[in-house]
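Everything in the sequence shown is counted per our numbering, starting at 80 for the first residue and increasing by one.
Just below is one structure, and these are the notes that go with it.
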Amino acid sequence: MTKRLSELAALVPNARLLGTDAEITSIERDSRRVKEGALFVCISGAHVDAHSFIPSAARAGARAILTERETVDVPDGITVLHVANLQEALDVIVPYFYDYPARAMRVIGITGTNGKTTTSYLVRAILRHAGKRVGLIGTIQVMMEDEVFPTANTTPDVIVMQQLLSEMRARGMDAVVMEVSSHALDQGRVTGIEFDTAVFTNLTQDHLDYHKTMENYARAKARLFEYVSAQGTKVGKTAVLNADDAARETMRAHTHCPIISYGMENDADLMAKDVHLAQDGMELTLMYDGAQLAQLHIGITGLFNVYNVLAAVGVALAENVPTADIVEALRSFTGVPGRFELVREGQPFSVIVDYAHTPDGMENVLRTARAVTAGRIIAVFGCGGDRDRTKRPIMGRMAAELADIAILTSDNPRTEDPAAILDEVETGVLPVIGAKPYEKLVDRRTAIFHAVGTARAGDTVVILGKGHENYQILKDKTIHFDDRETAREAIRGL
């Protein structure tokens, strides 16, 4: 697809075109991805100024640059498209350039602190069972049907997002299921996307290093419901809201389309009754509008997963999926990588790997492990560096209260001293640990081996924080590290 620079300039108030009105074949912010005919976007970041890469972008075939700087040196033949605000310009230029690909597919956006990934995989499974071709954009990976592409963060920036959606449209996807982070909503990464169904899972403490207050965090999440409520080209808009979460009223206040509420405690449209949890699955009865919809056995467990199932069923109802497809898809669902994932090597105790890295997520996983464990809970966990420091003592206290043995270790320390992070976590451990054993082992591999070596028959080792991740971010490098691989190695070495 191509557009002329003058077309793009006309979208932005007071934009100036300095040079030839060239034809543009792509939009790129990474000079390494520039090909012949590209518009190169010059973003001045905290660490890198893209203006310094203009010469290499020009050599790679860029026809023009997009900038908010008043004066820029460019090679001969390169046109400058000048705008007053780069982000605002991208928000309108990029979706237009790719011909608004989201309008050609059903788009389901899922936001909340915890549960986004599992809910997205459940929705994907249900829609595929109903015969839809489904794309997924999430924390773990991007998928187009069964083809997998790696991803760098929960929600890509507006350029990569529109490129992905354009590719999904070209490949004939009927629906796209998307995890939508608060950062993405706050930074406009999903601007220009017409959502059809939007889900709110829950709101608990996270990302306060960025949002500063829980009120700001809630308002950022609520933007998704403004998007789904907006007038668009498609019909059938629905918000799916957790009736048991305190932030539901904030989401509801920003919603101006039909709502399907779900829950277990407060009265809701969609409810779970007669819930029975086991280590390798759960049974429950789904009620909708007061009538029984289905009885389910599903191969994931935990009360938090009951909510994820309810959210996914809410989406399916909003998208008019037949009940039979919903039930069959859920019965055959076996889980998500790194989400309450059992590591089985024939050992007489359980090992669970989970991505939980917030106080609420940690509490959910440890309480679920407790409910299905005859022996002791051994928790291995840490907190990420260069992230919300206020949750560190809270998570320390949580582990000390809910586990029988707490082992503090490194998560992704990034630029911080890992030992100093553990000291901050320890301030939450000490007041409540009592006579229970706990240890600080900075090296994560050592901590996992120690936990596995400590376990007895009937115990459960819960390894928290990294889940599906197969890397660890240190101060000066990123190394390969997979909790599941390490746990298997430790078990085999017993």
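Beta carbons are placed, not taken as given, at the ideal position from N, Cα and C, and that holds for glycine.
Residue i versus the options, residue with shortest Cα-Cα distance
{"i": "Ile570", "options": "Glu167, Ile431 and Gly544", "result": "Ile431"}
{"i": "Thr99", "options": "Arg108, Ile133 and Ala141", "result": "Ala141"}
{"i": "Asn316", "options": "Met293, Val354 and Ala397", "result": "Correcting the residue type first, residue 316 is Lys in the shown sequence and not Asn. It is Ala397."}
{"i": "Asn321", "options": "Gln310, Ala301 and Ser308", "result": "Ala301"}
{"i": "Asn491", "options": "Ile456, His559 and Gln241", "result": "His559"}
{"i": "Gly461", "options": "Thr402, Asp346, Leu501 and Gly532", "result": "Leu501"}
{"i": "Val354", "options": "Gln371, Leu375 and Cys336", "result": "Leu375"}
{"i": "Gly537", "options": "Glu503, Asp225, Ala370 and Arg449", "result": "Arg449"}
{"i": "Gly546", "options": "Gly417, Pro472 and Ala370", "result": "Gly417"}
{"i": "Ala309", "options": "Met293, Thr329 and Thr334", "result": "Thr334"}
{"i": "Gly194", "options": "Asp433, Arg535 and Ala453", "result": "Asp433"}
{"i": "Asp359", "options": "Asp152, Glu420, Val406 and Thr557", "result": "Glu420"}
{"i": "Thr525", "options": "Lys515, Ala566 and Ile133", "result": "Ala566"}
{"i": "Ser131", "options": "Arg112, Ala391 and Val151", "result": "Val151"}
{"i": "Phe279", "options": "Thr292, Asn549, Val153 and Leu389", "result": "Leu389"}
{"i": "Gly454", "options": "Ala204, Gly464, Ala482 and Val406", "result": "Ala482"}
{"i": "Glu246", "options": "Glu226, Val259 and His262", "result": "Glu226"}
{"i": "Thr469", "options": "Ser261, Val237, Thr292 and Tyr550", "result": "Thr292"}
{"i": "Thr329", "options": "Phe304, Ala347 and Asn345", "result": "Phe304"}
{"i": "Ala89", "options": "Tyr175, Val153, Ile133 and Gly156", "result": "Tyr175"}
Local conformation of residue i per DSSP, three classes
{"i": "Gln166", "result": "helix"}
{"i": "Leu421", "result": "strand"}
{"i": "Ala309", "result": "coil"}
{"i": "Met247", "result": "helix"}
{"i": "Leu389", "result": "helix"}
{"i": "Gly475", "result": "helix"}
{"i": "Thr283", "result": "coil"}
{"i": "Ser110", "result": "helix"}
{"i": "Tyr177", "result": "coil"}
{"i": "Arg302", "result": "helix"}
{"i": "Lys195", "result": "helix"}
{"i": "Ala370", "result": "strand"}
{"i": "Glu258", "result": "strand"}
{"i": "Gln358", "result": "coil"}
{"i": "Tyr296", "result": "helix"}
{"i": "Ile122", "result": "coil"}
{"i": "Thr276", "result": "strand"}
{"i": "Pro229", "result": "strand"}
{"i": "Asp86", "result": "Here residue 86 is Glu; the residue named in the question, Asp, does not match the sequence. Three-state result, Glu86: helix."}
{"i": "Phe560", "result": "coil"}
{"i": "Val151", "result": "coil"}
{"i": "Ser577", "result": "Nothing can be reported for residue 577, as the shown portion of the chain is limited to 80 through 573."}
6 Å Cβ shell around residue i - same chain, five flanking residues per side excluded
{"i": "Ser429", "result": "Thr539"}
{"i": "Leu206", "result": "Val213 and Ala254"}
{"i": "Phe228", "result": "Val221"}
{"i": "Val162", "result": "Val91, Ala94, Glu147 and Ala168"}
{"i": "Glu518", "result": "Ile486"}
{"i": "Glu115", "result": "Gly140"}
{"i": "Ser110", "result": "Phe132, Ser135 and Ala136"}
Residues near residue i in its chain [Cβ-Cβ closer than 7 Å; skip 5 each side]
{"i": "Val186", "result": "Val255, Met257, Ile272, Glu273, Phe274 and Asp275"}
{"i": "Ala326", "result": "Leu282 and Ala297"}
{"i": "Pro372", "result": "Note on identity: in this sequence residue 372 is Leu, with Pro being the wrong assignment. For Leu372, where only same-chain residues beyond five positions count, the Cβ hits under 7 Å are Leu365, Met366 and Thr402."}
{"i": "Ala357", "result": "Thr380 and Val451"}
{"i": "Arg535", "result": "Phe428 and Gly454"}
CB of residue i within 8 Å of CB of residue j, strictly
{"i": "Phe119", "j": "Ala94", "result": "no"}
{"i": "Arg410", "j": "Ile377", "result": "yes"}
{"i": "Thr198", "j": "Asn387", "result": "yes"}
{"i": "Val511", "j": "Ile486", "result": "no"}
{"i": "Leu84", "j": "Ile103", "result": "yes"}
{"i": "Thr494", "j": "Lys554", "result": "yes"}
{"i": "Gly381", "j": "Asn443", "result": "yes"}
{"i": "Ala299", "j": "Leu264", "result": "yes"}
{"i": "Leu165", "j": "Leu96", "result": "no"}
{"i": "Arg182", "j": "Thr81", "result": "no"}
{"i": "Ile484", "j": "Pro438", "result": "no"}
{"i": "Gln266", "j": "Pro180", "result": "no"}
{"i": "Arg250", "j": "Met184", "result": "no"}
{"i": "Tyr177", "j": "Val415", "result": "no"}
{"i": "Val422", "j": "Arg563", "result": "yes"}
{"i": "Gly203", "j": "Pro235", "result": "Reading off the sequence shown, one finds Arg at residue 203, where the question assumed Gly. No, the pair does not count as a contact, with Cβ atoms beyond the cut-off."}
Cβ-heavy atom distance, residue i to the ligand FAD, below 7 Å
{"i": "Ile558", "result": "Of ligands this structure carries none, so the ligand FAD is not represented either."}
Residues of its chain near residue i, where Cβ-Cβ distance is below 8 Å and the 5 sequence neighbours each way are ignored
{"i": "Val385", "result": "Met343, Ala351, Val354, Met361 and Leu363"}
{"i": "His529", "result": "Ile486, Glu518 and Leu520"}
{"i": "Ala129", "result": "Arg108, Ser110, Phe119, Val120, Cys121, Ile122 and Ser123"}
- prompt: Is the region 500-512 in contact with the region 474-482, if contact means three or more CB pairs nearer than 8 Å?
  reply: yes
query: Within the chosen definition, does the region 210-228 reach the region 337-352 through at least 3 CB pairs nearer than 8 Å?
result: no
query: Is the region 170-178 touching the region 349-364 in the sense that three or more CB pairs, one from each, lie closer than 8 Å?
result: no
- prompt: Using 8 Å as the threshold, is the region 109-124 in touch with the region 145-152, meaning 3 or more CB pairs across them?
  reply: yes
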